[in-house]
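Final position of the sequence shown in my numbering is 310; the numbers increase by one with none missing. Glycine residues also receive a C-beta, built at the ideal position from the N, C-alpha and C atoms. Remarks on the structure that follows.
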Amino acid sequence: MEACATHGPSASAGGRVFRAALPPFEYLAATSVPEALRLLAKFRGRAVLLAGGTDVLVQMRTGKRVPEAVIDIKRVAALGGGVKVERGGRIAIGALTTLADIEHDAKLRRLVPLLPEAVATMASPQVRNRGTIGGNLCNAAPSADTAPPLLALDALVRLHTRKGVRTMPLAEFFTGPGRTALGTDAVLGAILVPKPPRGLRAAFRKHGVREAMECAVVSVAVAVAKERGTIRHARVVLGAVAPTPLRVPAAEALLVGHPGGPLDLLAAAGEAADAARPITDVRGSSDYRRDVVRTLVRRALEEVAG
Ligand SMILES: Cc1cc2nc3c(=O)[nH]c(=O)nc-3n(C[C@H](O)[C@H](O)[C@H](O)COP(=O)(O)OP(=O)(O)OC[C@H]3O[C@@H](n4cnc5c(N)ncnc54)[C@H](O)[C@@H]3O)c2cc1C
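Okay, here's the thing in structure tokens:
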């Protein structure tokens with residue numbers, strides 16, 4: 005989680021030293037999921053999976069990771085497949101789908117524009133051409149930009165383990181900064197986005213300290229569906245202000261059953277600011293981040309519910 009670290013031991017460590025050369029490691033290219041799982045088991049936590057490498061290679065260059073082996077999964081067809089709309093309307097996104105492919109996918113833009121819009125704010129075209137959605141989630145930076153929109157869309161993740169395939173809510177996937185439910189011996193296969201509720205409107209907001217190539221100081225995703233002028237479904241999710249991306253059920257509860265007037269939105273934004281647990285680092289104090297949460301949640305809600 006080096007490129008966009010917030011929270012965790014490395015968060016405020018400035019002056020990173022990039023090594024001229026990578027430390028020695030064994031390079032292995034898996035061609036199937038069972039092979040990737042077998043190699044992970046063989047190295048018992050001393051290997052790292054490589055997708056686009058935009059996080060892993062930075063971490064190896066700065067000495068944050070010194071794996072004995074790098075297991076390249078780019079050629080594992082079962083982890084690719086791009087974006088597919090299943091019968092019933094659920095969207096399946098292969099873990100190896102690049103950020104650029106997400107950004108430009110016509111189906112996603114039509115069905116869940118929140119995700120491609122958030123991805124378009126990430127990094128640079130070069131990094132988006134290389135980096136994958138699976139890598140962004142598995143790296144588990146609290147500021148990972150695909151996490152808030154996917155949580156606001158109630159996404160699930162499909163995991164491959166030696167015992168078989170299991171699906172879990174993305175909300176249970178993140179366990180801490182840089183840590184996930186994958187542990188050291190599982191592979192993320194796909195991200196599943198349920199068919200959104202009728203009339204869902206959603207917005208993503210990201211605040212950083214510079215215009216381009218910016219990791220979030222605070223990010224916010226909200227999603228609201230109304231029926232006859234009353235909010236029936238609400239999601240409020242924060243990024244970069246807690247050890248993991250954070251859904252705020254208390255803010256959602258203040259919206260559901262209400263018309264979404266200015267006072268409703270203000271109350272929900274206040275609840276979100278209270279729920280945030282931001283750190284102070286070189287890019288912003290904890291109080292500043294909390295204020296930004298309040299403002300971004302209110303503005304995003306005004307766009308979708310006001
Ligand atoms: C200059 C720069 C700017 C950036 N800007 C942003 C930004 O604005 N927002 C943002 O969120 N991120 C940003 N990043 C971080 C990074 O580009 C993304 O997190 C990217 O999506 C990582 O994907 P990847 O395929 O390169 O992952 P990798 O580096 O290959 O892997 C990342 C981690 O995920 C694991 N992994 C990858 N795929 C799988 C899988 N299928 N199953 C299990 N584990 C897996 C790897 O083992 C590793 O631990 C930036 C990075 C750089 C270098």
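With H, G and I counted as helix, E and B as strand and the rest as coil, what does DSSP make of G18? Only weak support exists for where G18 lies, its pLDDT of 45 falling under 50; the value from the coordinates is given anyway. Note: G18 maps to coil in three-state DSSP.
What is the rounded straight-line gap between the Cα of G139 and the Cα of T299? Their backbone Cα atoms lie some 30 angstroms apart in a straight line.
Cα separation between L163 and M172? Between the alpha carbons of L163 and M172 lies a gap of roughly 8 angstroms.
K78 by DSSP, collapsed to three states: which one? Residue state, collapsed to three classes: coil.
For M64, the three-state DSSP class (helix, strand or coil): helix
Opening and closing residue of the alpha helix (DSSP H) in which R42 lies: V37 to F47
Short check: CB of A227 to CB of L204, under 8 angstroms? yes
G56: beta carbon under 7 angstroms from a heavy atom of ligand 1? yes
Neighbour-count burial assignment, E107, 16 or more Cβ in a 10 Å radius: buried
D105 classed as buried or exposed, judged by whether at least 16 other C-beta atoms fall within 10 angstroms: So D105 counts as buried.
Take A148 and list the residues in its own chain whose beta-carbon comes closer than 6 angstroms to its own, dropping the five residues that flank it on each side. N140
Where does T184 land, buried or exposed, given buried means 16+ other C-beta within 10 angstroms? buried
Same chain only: Cβ atoms within 6 angstroms of D76, ignoring 5 sequence neighbours per side: A33 and L54
Integer Cβ distance of G135 from T58, believed to fall under 8 angstroms: 4 angstroms
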